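Single-structure report; data block below.
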Amino acid sequence: MPLSPKLGPEALAANLAELHPALTTQEAVIEANRCLFCFDAPCIKACPTGIDIPSFIKKIANGNPTGAARAILSANILGASCARVCPTSELCEGACVVLDLEGDPVKIGLLQRHATDHVHEHHLQVLKKPSAHTNRRIAVIGGGPAGLGCAAELAQLGHQAVVFEKKPNAGGLNTYGIAYYKMKPQVSLEEVELVKSLGVEFRCGVEVGRDVSLAQLEQEFDAVFLGLGLGAGTRLGIPGEQLPGVIDAIDFIEQIHAEPLHQVPVGERVAVIGCGNTAIDAVTQAKRLGAQTVLAIYRRGEDDMSAYDFEYELAKNDGGQFLFHAVPLEILAGKDGRVTGLRLARTQVNAAGKVGIIPGTEFVEPFDMVIKAVGQEKQAALLKKLLPKLELDKRGAVKYDFATGRTNLPKIFAGGDCANGGREVVNAVAEGKRAARGIHAFLSGHEVTGPVQPSRLGAKNGAAGSGFDHPIRVKELEEEFGKP
Amino acid sequence: MADLSINLAGIKSPNPFWVASGPPSNTAYQAHRAFEAGWGGVVWKTIGEPIVNVSSRYSAMNLGGVRMAGFNNIELISDRSPETNFREIAEVKKRWPNHAVIASLMVDTRERWHEFVKWSADVGADGVELNFGCPHGMCERGMGSAVGQQPAVTERIVSWAMEAATIPVIVKLTPNITDITYAARAAKSAGANAISLINTINSITQVNLDNLVPEPFVAGFSTHGGYCGPAVKPIALNMVQSCADDPEVQLPISGIGGISNWRDAAEFIALGSTSVQVCTAIMHYGFRIVEDMVEGLNDYLDSKGFTNVAQLRGLAVPTLKKWESLDLHYQRIARINYDKCIGCNLCYIACEDGAHQCIDLVDPNGYGLGPGRVPGKPIPKVRENDCVGCNLCSLVCPVDNCITMTSIETGKPRMSWTDYQAKMARGEMMPIPPHP
């Protein structure tokens, strides 16, 4: 029997509602007042896009959410989605000194959401289009977080950016691949509108390599940014992978975004292969769609999981189950050709850290759905096809200069998952932004002053204050005026 | 258990905590509730010719999420008749014979003062408090602060009250004056038995930025209100100490101004108050706050080995000196406990931008790692030779006992500004070179 939806629209709406409700204005002000307004705040250092967090929080405390949003969006154009999907306990909130003072950090993510929601809800334009244009045109391939980060920064530097996106909508994983209870796709689409409002042109439904060749783009544009993201889910390499009822985790999550919730099919007994963050999303999502049993299967132990603790806790609280030290050998099918279960074996990790199957431990577990979540392929094949001379690293990711996004090819820049191998949304935005500055320097010969991350650390040697483009350099001041 | 009972110029109460004259002391109902909660005395809301009030009447200054850090009002004296008020005082006194009930009074003519002071004694009030302080409304009619701001007028009206007084007379002073001791001396010379201070301070708490009218809003306008609440405590302490220390005043003091808890009360008592009066904190939280005031003060007195509250009274008064007598050779410096430092570096920027540039951010290696510090993140280090001991870093530090101001031995003998000037005059020393 084919898989069917399990719950009605009302139950699903409740199950997949956003996990963390937005703060009210009063809650936000109370929370904002907990911030110490650190001088060289560790949270800024911990944010890949270097948002001046204490400044925006102070603005919320002072009743200026518009200014707060301006501070956020000028550093991170995807501030609204990052507020929802960033693993804040690993980044800004993990670095917050109030965590050490009170045992509970300032809720930076929720405050950031409060400020960005405010400007979205009131349709306030807080970022300015540049008054001068350079008449330089840059093709941005991929409309995901890296592409958006790059295009927005280019637009603000006065360049014309054109984003090529093969899907009907830009936003990448933010639009199609974030667990529903973390963020609604609408937030991502609003961010795309924000980028558009800066003068960026979007060509959606256009696949580079099929509808337009890269050579054409190289000819037509002054520079090209590669923000292709990652490819299809990694294959398990076991028999039965093509059976109906076997789905890739990314595709499973995308279904929820593409179809009405009550039409999304899910199994009764679901196996999720892998224990990374996407696997955990799949566990939680399957459970919330109404699956009776969801079992995540991982070939190593609990301590080796790459999923964040808070994601793991969420899945366990939803009733997700975990089987460690086990590996699927075959996906089994019944007479109708549909999935009936998995043939599994127990594993052990040897002294060298390699996982091996323990002979004679094979067993069969019944499942009617198998979700694969063992990572995504690098875009090596596509990149080779598009740009045969582009240098890739041994993992198949683009070799690039971290600070400028430069590749081995003069007009080609890269950033985001296709270059870093797969990291957070916020890393992709930061790399897109850095590459935009790299492109600007390449085209104009001028460095953009100010660090991407306006760290106030080590004020004696570097930038002080949060000024992006005109940092006060204490050393220069001392040279000019002397130190008292 | 220390003895908390007091005797202020003959007015006895089981503890020093009195409800100040104001909205919480408007009715017998409230007085009963106050005494049941544990208050030692009630100073009745000021009785005079009945007035008419406006709406609205109160406003507040909130601070960093804290409500009513400061508070003001434009409410006038009691809007009930003197007959009602005095009848209720008699009822309350009957039920609470061992608690203090003080009639706060504000009238205009000599005859009216005589009448109201006598009336107070007749209904059994333990004393009267002359309201020479209200800075709004009544002063426009020649009463309240209009009296308290002119020592000669204060003296004359106190003398009128004294002519009729058979019970102790407390004079309530306004802070809206350059030097409050002049008003206190006037009260003394007219024969007052005690003073109470401070009344509220002229204020505008806030301007509504939508309609650009300050609060409290009355039909498109506002007026200057009387400011009180926790924010005024430092001003009140300063004035209480000034009166306590003035050799010409030497009157029992009932301290008022921002008292919200036992610590505030203990500070007022240490600076010379016999009783303390509370209004805003009651308006914020109700009469129940007295429970911890009594218990906290008791525990504090016990911990210090005092057997009664009078032993604390005035102990801090003589520790305030004129600036010119302070020791110029005393030196304090800031020391940072790196095991506690969480790495906010507020001390650094406060010193750098707001004080004397004596803290550097340096390589953290070798300084240990406080609870929140990111490895490798620069840490603040005080250049002790340059530290002037201003306290600012220790004040901004959010962690208790992380920055300690430590007295250091300079090896120099005590020398005040006065000593310094005398030594230079005698040719015994050269001027101290100015700070570079």
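Those sequence lines, one after another, are chains A and B.
Counting in the numbering used here, the first sequence runs from 105 upward without gaps.
Counting in the numbering used here, the second sequence runs from 1017 upward without gaps.
Where a beta carbon is used, it is the ideal one built from N, C-alpha and C, also for glycine.
Computed from a predicted structure; not experimentally measured.
Residue i vs residue j beta-carbon contact at 8 Å
i: H1152(B); j: I1090(B); result: yes
i: E1264(B); j: R1172(B); result: no
i: K162(A); j: F141(A); result: yes
i: I357(A); j: G281(A); result: yes
i: I1186(B); j: A1210(B); result: yes
i: V533(A); j: N180(A); result: yes
i: L258(A); j: A540(A); result: yes
i: G247(A); j: G276(A); result: yes
i: R188(A); j: L547(A); result: no
i: I1272(B); j: L1213(B); result: yes
i: K1028(B); j: S1021(B); result: yes
i: L347(A); j: V443(A); result: yes
i: N454(A); j: G460(A); result: yes
i: L490(A); j: L334(A); result: no
i: K1393(B); j: G1443(B); result: no
i: L1121(B); j: V1144(B); result: yes
i: L427(A); j: A449(A); result: no
i: V1306(B); j: F1132(B); result: no
i: A1141(B); j: V1117(B); result: yes
Bounding residues of the beta strand (DSSP E) (the contiguous stretch that carries residue i)
i: I1211(B); result: 1210-1213
i: P249(A); result: Counting along the chain, P249(A) falls outside any beta strand (DSSP E), though it belongs to the alpha helix (DSSP H) covering 249-260.
i: R241(A); result: 241-245
i: E1400(B); result: E1400(B) -> no beta strand (DSSP E), and no H or E assigned at all.
i: L203(A); result: From DSSP, L203(A) is part of no beta strand (DSSP E) but of the alpha helix (DSSP H) over 201-206.
i: T397(A); result: 397-402
Chain B contact for residue i (CB, 8 Å cutoff)
i: F143(A); result: yes
i: V210(A); result: no
i: N137(A); result: yes
i: P555(A); result: With a pLDDT of only 43 at P555(A), under the threshold of 50, the placement of this residue in the model should not be trusted; the figure read from the coordinates follows. It does not: the Cβ of P555(A) has no partner Cβ on chain B nearer than 8 Å.
i: S559(A); result: With a pLDDT of 37 at S559(A), under the threshold of 50, the modelled position of this residue cannot be trusted; read the value that follows with caution. No, because no Cβ of chain B sits closer than 8 Å to the Cβ of S559(A).
i: G571(A); result: Confidence at G571(A) is low in this model, with a pLDDT of 32, below 50, so its placement is unreliable and the value that follows should be read with caution. It does not; no Cβ of chain B falls within 8 Å.
i: K564(A); result: Its pLDDT being 35, under 50, K564(A) is placed unreliably by the model, and nothing is read from it.
Cross-chain neighbours of residue i in chain A, by beta carbon under 7 Å
i: I1358(B); result: V201, D204, L205
i: I1365(B); result: F143
i: N1361(B); result: C142, F143, D144
For residue i, three-class secondary structure by DSSP
i: I1183(B); result: coil
i: S79(A); result: The question about residue 79(A) has no answer, for chain A in this structure spans 105 to 588.
i: K1439(B); result: helix
i: Y504(A); result: coil
i: W1339(B); result: helix
i: R450(A); result: strand
i: C1367(B); result: helix
i: G1312(B); result: helix
i: Q480(A); result: strand
i: D589(A); result: Residue 589(A) cannot be examined here, being either before or after the span of chain A that is shown, 105 to 588.
i: A1025(B); result: coil
i: D1138(B); result: helix
i: Y1243(B); result: strand
i: F1087(B); result: strand
Span of the alpha helix (DSSP H) around residue i
i: S1258(B); result: 1249-1261
i: V1421(B); result: First, the amino acid is wrong: residue 1421(B) is Met here, not Val. Looking at the DSSP string, M1421(B) is not in any alpha helix (DSSP H); the run it does join, the beta strand (DSSP E), is 1419-1424.
i: R1049(B); result: 1044-1053
i: L318(A); result: 318-324
i: M1473(B); result: As displayed, chain B neither begins before 1017 nor continues past 1452, which places residue 1473(B) out of reach and without an answer.
Residues that residue i contacts on chain B, provided the C-beta gap is smaller than 7 Å
i: V133(A); result: G1081
Min CB distance residue i to chain A below 8 Å
i: Q1222(B); result: no
i: P1387(B); result: yes
i: K1393(B); result: yes
Within chain A, the residues that residue i reaches when beta carbons sit closer than 8 Å
i: V1415(B); result: L205
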